[in-house]
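Asks: If you scroll down you'll find the structure; I have some questions about it.
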Amino acid sequence: MPELPEVETVRLQLLNKVVGKKIKKVVVYRLRTVAEDFSFATRLKNKTIKGINRIGKLLIFTFSENSDLFLLAHLKMTGQFFYIDKKGQVVGGGHGNKDNENIIFPHKHSRVAFRFADEGILYFNDMRLFGYLKIANKSEMELAKSRFGPEPIHPEFDTKWFITTLLQKKTAVKVALLNQQFVAGLGNIYVDETLWLAKVLPTRKCNTLTKKEAAAIATASKEIMNESIKVGGTTFQHFIDTNGNKGNFSKFLKVFGKQGTPCPRCKTIIQKTRVAGRGTHFCPKCQK
DNA sequence: GAGAGTGTTGTAAC
DNA sequence: GGTTACAACACTCT
87 MPELPEVETV RLQLLNKVVG KKIKKVVVYR LRTVAEDFSF ATRLKNKTIK
137 GINRIGKLLI FTFSENSDLF LLAHLKMTGQ FFYIDKKGQV VGGGHGNKDN
187 ENIIFPHKHS RVAFRFADEG ILYFNDMRLF GYLKIANKSE MELAKSRFGP
237 EPIHPEFDTK WFITTLLQKK TAVKVALLNQ QFVAGLGNIY VDETLWLAKV
287 LPTRKCNTLT KKEAAAIATA SKEIMNESIK VGGTTFQHFI DTNGNKGNFS
337 KFLKVFGKQG TPCPRCKTII QKTRVAGRGT HFCPKCQK
């Protein structure tokens, strides 16, 4: 579950499902997922989830019993949270791959399970094992937080600062936007979408951008992020209904994965290249 | 069988 | 210090 909008959707869903619940038992299926922490399960036992915050794509759980205890959760490429209530119904979710069908838990990609006092169970699934759940104290949590720059969708996002800083960078604009220390939350998909909307080529060097272009990027990223939070929610709904509708995401995308098809704006064929080691999609005509 | 993949980090090299 | 390029992580899908 990569991009910020989906992480935010998961956060909101989890808020409804697990906040205020006491963890009765934690089962770790794969030690790797909890950073080889043998005390992971015991340290979370009998703790009540107080809240769930998010910075960038990192989820931060807080607990009622101990204000110096945090659970950091990063989904990376394929991490998913599923909440199963006591009737066995799945009411939380992931991002719509095949694993969402025929749900039987725990299944082979389940890495950690949290059983609550009310018999509900929260599963963390992660096919590729890149994601992690990590216990942290306050200073470790602050350190993790400090690795993220401001989020474009934050109401107090400083657009002036963004423009000034962006224009000073010497990297390709796509590289800059993917850098979570600069701005948090934009992933590969939405960087391509943002740059298409802003009519800027991903390979453009930041210090060759005009102020107007930089401002367009800021505006576009906000628009894309906000719009995609809605889409993320929609994707999520489809998962909950388990209707097998998994392609909803792509309906909203304008360039990502659309190579070979006409640009929705100017009908030129969308091209795909590689920038910063990532698949990169753009319109060679209307992006400059 | 080969290649690509939604994210991040570390390292080496310039 | 900035930046670039790449490997690594483990697994599935085309």
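Numbered according to our numbering, the first sequence spans residues 87 to 374.
Every residue, glycine too, gets a C-beta built ideally from N, C-alpha and C.
Nothing here was measured: the structure is a model prediction, and the numbers come from that model.
On the DSSP letters alone, give me the boundaries of the beta strand (DSSP E) that Ala159 sits inside.
Replies: The count along the first sequence starts at 1 and reaches residue 159 at position 73. Segment 156-160, the beta strand (DSSP E) holding Ala159.
Asks: Can you give the Cα-Cα distance for Cys349 and Lys231, rounded to whole angstroms?
Replies: Indexing the first sequence from 1 puts residue 349 at position 263. Indexing the first sequence from 1 puts residue 231 at position 145. Cα to Cα, Cys349 sits roughly 38 Å from Lys231.
Asks: From Phe368, Phe338, Lys371, Ser225, pick the residue whose C-alpha is nearest to that of Glu313; which is it?
Replies: Stepping through the first sequence from its first residue, residue 313 is reached at position 227. For the residues Phe368, Phe338, Lys371, Ser225, the minimum Cα distance to Glu313 belongs to Phe338.
Asks: Output the distance between the C-alpha atoms of Ile76 and Arg116, rounded to the nearest integer angstrom.
Replies: The requested residue 76 is not part of the displayed model; the chain covers only 87 to 374.
Asks: Using DSSP bridges, identify the partner residues of Phe202.
Replies: Counted from its first residue, the first sequence places residue 202 at position 116. Partner(s): Ile109.
Asks: Using CA coordinates, which residue listed in Gln166, Ile138, Ala159 is at the minimum distance from Ser150?
Replies: What you label residue 150 is simply residue 64 of the first sequence in a count that begins at 1. It is Ile138 whose Cα lies nearest to the Cα of Ser150.
Asks: Report yes if the C-beta distance between Lys133 and Phe202 is below 7 Å; otherwise report no.
Replies: Walking along the first sequence from the start, residue 133 turns up at place 47. Walking along the first sequence from the start, residue 202 turns up at place 116. Taking 7 Å as the Cβ cut-off, Lys133 and Phe202 do not qualify as a contacting pair.
Asks: Would you mind reading off the limits of the alpha helix (DSSP H) that contains Ile136?
Replies: In the first sequence, residue 136 corresponds to position 50, counting from 1. Here the sequence assigns Lys to residue 136, which means Ile is not the residue at that position. It is not in any alpha helix (DSSP H) - Lys136 instead sits in the beta strand (DSSP E) that spans 135-141.
Asks: For Gly217, collect the residues of the same chain with a Cβ closer than 6 Å to its Cβ; drop the 5 residues on either side in sequence, then sort them by chain order.
Replies: Translated into the one-based positions of the first sequence, residue 217 becomes position 131. Once the five neighbours on either side are set aside, the close Cβ partners of Gly217 are His160, Leu161, Lys162, Gly165.
Asks: Verify whether the separation of the beta carbon atoms of Val96 and Phe167 is less than 7 Å.
Replies: Taking the first residue of the first sequence as 1, we reach residue 96 at position 10. Taking the first residue of the first sequence as 1, we reach residue 167 at position 81. Contact flag set, yes.
Asks: Can you pull the DSSP bridge partners for Tyr218?
Replies: Translated into the one-based positions of the first sequence, residue 218 becomes position 132. In DSSP, Tyr218 forms a bridge with His160.
Asks: Quick one: what's got a C-beta closer than 8 Å to Gln267's C-beta in the same chain, skipping five residues either side?
Replies: Within the first sequence, residue 267 is the residue found at index 181, counting from 1. Closer than 8 Å at the Cβ level, and outside the excluded window around Gln267, lie Arg233, Phe234, Gly235.
Asks: Restricting to runs no shorter than 4 residues, where is the alpha helix (DSSP H) found entirely within the region 226-288?
Replies: Within the region 226-288, the complete alpha helix (DSSP H) runs of at least 4 residues are 245-254, 259-264, 274-283.
Asks: How long is the line joining the alpha carbons of Ile239 and Glu279, rounded to whole angstroms?
Replies: For the purposes of this step, residue 239 is taken as residue 153 along the first sequence, with counting starting at 1. For the purposes of this step, residue 279 is taken as residue 193 along the first sequence, with counting starting at 1. Cα-Cα distance, rounded: 15 Å.
Asks: Buried or exposed, going by whether 16 or more other CB atoms sit within 10 Å of the CB of His324?
Replies: What you label residue 324 is simply residue 238 of the first sequence in a count that begins at 1. Legend: pLDDT at His324 = 42, less than 50; position of this residue unreliable, no value from coordinates given.
Asks: Taking the straight line between their C-alpha atoms, what separation do you get for Lys358 and Gly174?
Replies: Position 272 of the first sequence, counting from 1, holds the residue named residue 358. Position 88 of the first sequence, counting from 1, holds the residue named residue 174. Rounded to the nearest angstrom, the two C-alpha atoms are 43 Å apart.
Asks: If you reduce the DSSP assignment to three classes, tell me which class Val361 lands in.
Replies: Taking the first residue of the first sequence as 1, we reach residue 361 at position 275. In this structure, Val361 counts as strand in the three-state DSSP scheme.
Asks: Which word fits Phe191, buried or exposed, when buried means at least 16 other C-beta atoms lie within 10 angstroms of its C-beta?
Replies: Taking the first residue of the first sequence as 1, we reach residue 191 at position 105. So Phe191 counts as exposed.
Asks: Cutting at 6 Å between CB atoms, please list the residues of its own chain near Ala222, excluding the five before and the five after it.
Replies: The residue labelled residue 222 in the question sits at position 136 within the first sequence. Excluding sequence neighbours, Ala222 sits near Phe156, Leu158.
Asks: Would Val104 pass as a contact of Leu208 if the rule is Cβ separation under 7 Å?
Replies: Taking the first sequence and counting its residues from 1, one reaches residue 104 at position 18. Taking the first sequence and counting its residues from 1, one reaches residue 208 at position 122. Going by C-beta atoms, Val104 is nearer than 7 Å to Leu208.
Asks: Under 7 Å, do Lys255 and Val361 count as touching if we go by C-beta distance?
Replies: Here the question's residue 255 lines up with position 169 in the first sequence. Here the question's residue 361 lines up with position 275 in the first sequence. No, the Cβ-Cβ distance between Lys255 and Val361 is not below 7 Å.
Asks: Do Leu272 and Leu281 have their beta-carbon atoms positioned less than 7 Å apart in this structure?
Replies: To locate residue 281, count along the first sequence from 1; it is residue 195. To locate residue 272, count along the first sequence from 1; it is residue 186. No.
Asks: Grouping DSSP H, G and I as helix and E and B as strand, with all else coil, what is Ser150?
Replies: Sequence index remark: in the first sequence, residue 150 carries index 64 (1-based). Correct three-state label for Ser150: coil.
Asks: Output the distance between the C-alpha atoms of Phe248 and Leu229, rounded to the nearest integer angstrom.
Replies: The residue labelled residue 248 in the question sits at position 162 within the first sequence. The residue labelled residue 229 in the question sits at position 143 within the first sequence. Between Phe248 and Leu229, the C-alpha separation is close to 22 Å.
Asks: To which residues of the same chain is Cys430 closer than 6 Å at the C-beta, ignoring the five residues directly before and after it?
Replies: Nothing can be reported for residue 430, as the shown portion of the chain is limited to 87 through 374.
Asks: Given a threshold of 16 other Cβ atoms within 10 Å of its Cβ, counted over all protein chains shown, does Cys352 qualify as buried or as exposed?
Replies: On the first sequence, position 266 is the one that residue 352 refers to. Looking at its Cβ environment, which holds fewer than 16 other Cβ atoms inside 10 Å, Cys352 is exposed.
Asks: Which word fits Pro241, buried or exposed, when buried means at least 16 other C-beta atoms lie within 10 angstroms of its C-beta?
Replies: Walking along the first sequence from the start, residue 241 turns up at place 155. Classification for Pro241: exposed.
Asks: With respect to the alpha helix (DSSP H) encompassing Glu94, which residues constitute its N-terminal and C-terminal limits?
Replies: Looking up residue 94 in the first sequence gives position 8. Segment 90-104, the alpha helix (DSSP H) holding Glu94.
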